[in-house]
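Our numbering puts the first residue of the sequence shown at 96, with every later residue one more than the last.
Where a beta carbon is used, it is the ideal one built from N, C-alpha and C, also for glycine.
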Amino acid sequence: MISFYPGPSKVHKDIGAYMQEAVQSGILSQNHRSEAFKELSFDTIELLKLKLEIPSDYWIFYTSSATECWEIIAQSLIRKKSAHLYNGAFGEKWMEYTANLTGNTQKIEFDINSIPETKDIKIEDDCDLICITQNETSNGTQLSNQFIKEIKRQNPEKILALDATSSMAGVYLDFSATDICFASVQKCFGLPAGMAIMVCSPKAIEKALAIGENKHYNSLCFMIEKMKDFQTTYTPNVLSIFLLNRVLASMANIRQTDQLIRARSKDWYSFFREDDLLIRDPASRSDTVIAVKGEEDIIRKIKSDLLKAGILLGNGYGQWAKNTFRIANFPAHEAYEIERLRELLVKII
Ligand SMILES: *Cc1c(COP(=O)(O)O)cnc(C)c1O
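What follows is the structure, given as structure tokens:
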């Protein structure tokens, strides 16, 4: 079966071989304080910086999931209040988790079909953290690097955190315009679920240390202390780190992948009729998650016919659960698999 689900999705074609290599190398039996682990961790972080063009003075942490990153940020990086800019279910969930912990958030919701003008986005003075969902997986929308850079420029004192879970390693992200940027690995990295990476600017590190929150195993201060030596506060998912390392080593530079993904998304958006696309505004459409809408029974039939032919589409999410499906446009998908999906869709639709 080929999975076009937007996460977990089809894994990288060589994952099986890399898993075997991990077992044979002996790394899975190594202690996470060992030199062998530290070397693997260091090398993986260097590869992330190289392949994704992350500034060299940024820090990278391993966490268990994007959800954990939401929690770490809420615990360790907010002095007073956070502002949340979103138009879908993941951005809303991030806001809710944060509100549960801090009791204080500013919500800035916007329509899936119109990105607000940055000059109209007024972050309240007492907000010291801005949370933005760059790629909203639930409805297939995205915000551009330019937009994020402009928000940052207008709020130079504040820390900007970006949820790039379903875009990092798929499209080029300007990390220098963010203080925190995180993603779990089961989306564009093409890895099995169970790990995320969190990228932090020197300014974010400085702020975490100044706040000094130290109540949790995943308090950012503790993570920083351990990461000085490329380690983690708890025994990490060493297999995942190993697989990430190998996938990164075989990966093209992100600028190249970005071109491929954008070319493919352009093809997808012209493949469907305008009326069948959930997102009408072309500027809002995601390059990595394509959302298609229709009558409930038609959507159900498309999904079940494709499943019989060995292809899994993503269900709709939240309010669009029944009248949309989603197609992941991730780097692990091969051209011939996309071609096969198109041929089948042409017959069904
Ligand atoms: C998938 C996803 C998450 C949740 O990821 P987990 O690894 O399950 O925590 C968060 N945000 C976005 C935008 C996502 O697509």
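Presumed contact (8 Å Cβ cut-off) between residue i and residue j, rounded CB distance
i           : j           : result
residue 264 : residue 147 : 6 Å
residue 306 : residue 171 : 7 Å
residue 333 : residue 122 : 6 Å
residue 139 : residue 339 : 6 Å
residue 253 : residue 224 : 6 Å
residue 277 : residue 266 : With 8 Å as the limit, residue 277 and residue 266 do not qualify as a contact, their Cβ atoms being about 15 Å apart.
residue 383 : residue 261 : 6 Å
residue 222 : residue 249 : With a Cβ gap of about 12 Å, residue 222 and residue 249 do not count as contacting.
residue 213 : residue 246 : 6 Å
Beta-carbon proximity of residue i to residue j, cut-off 8 Å
i           : j           : result
residue 216 : residue 255 : no
residue 405 : residue 96  : yes
residue 418 : residue 391 : yes
residue 199 : residue 375 : no
residue 281 : residue 104 : yes
residue 234 : residue 415 : yes
residue 210 : residue 178 : no
residue 183 : residue 231 : yes
residue 137 : residue 325 : yes
residue 257 : residue 229 : yes
residue 102 : residue 423 : yes
residue 327 : residue 127 : yes
residue 133 : residue 427 : no
residue 296 : residue 274 : yes
residue 61  : residue 291 : Nothing about residue 61 can be reported from this structure: the residues present for the chain run from 96 to 444 only.
residue 441 : residue 420 : no
residue 304 : residue 319 : yes
is_contact[residue i, chain E] using C-beta, thresh 8 Å
i           : result
residue 333 : Judged by its chain identifiers, the structure shown contains no chain E, having just a single protein chain.
First and last residue of the uninterrupted beta strand (DSSP E) at residue i
i           : result
residue 156 : 154 to 158
residue 97  : 97 to 99
residue 386 : 384 to 388
residue 277 : 275 to 279
residue 294 : 291 to 295
residue 408 : 406 to 410
Bounding residues of the alpha helix (DSSP H) (the contiguous stretch that carries residue i)
i           : result
residue 259 : Element bounds for residue 259: n/a, residue is neither H nor E.
residue 321 : 315 to 322
residue 420 : Element bounds for residue 420: not the alpha helix (DSSP H) but the beta strand (DSSP E), 419 to 423.
residue 394 : 391 to 403
With a floor of 4 residues, list each alpha helix (DSSP H) that falls wholly inside the stretch 204 to 250, ordered by position along the chain.
-> Listed in chain order, the complete alpha helix (DSSP H) runs (minimum 4 residues) inside the stretch 204 to 250 are 240 to 249.
Can you list, in chain order, the stretches of the beta strand (DSSP E) that have 3 or more residues and sit fully within the stretch 168 to 198?
-> The stretch 168 to 198 contains these whole beta strand (DSSP E) runs: 176 to 181.
Within the stretch 327 to 366, ranges of the beta strand (DSSP E) (whole runs, at least 3 residues) = With a minimum length of 3 residues, no continuous beta strand (DSSP E) run stays inside the stretch 327 to 366.
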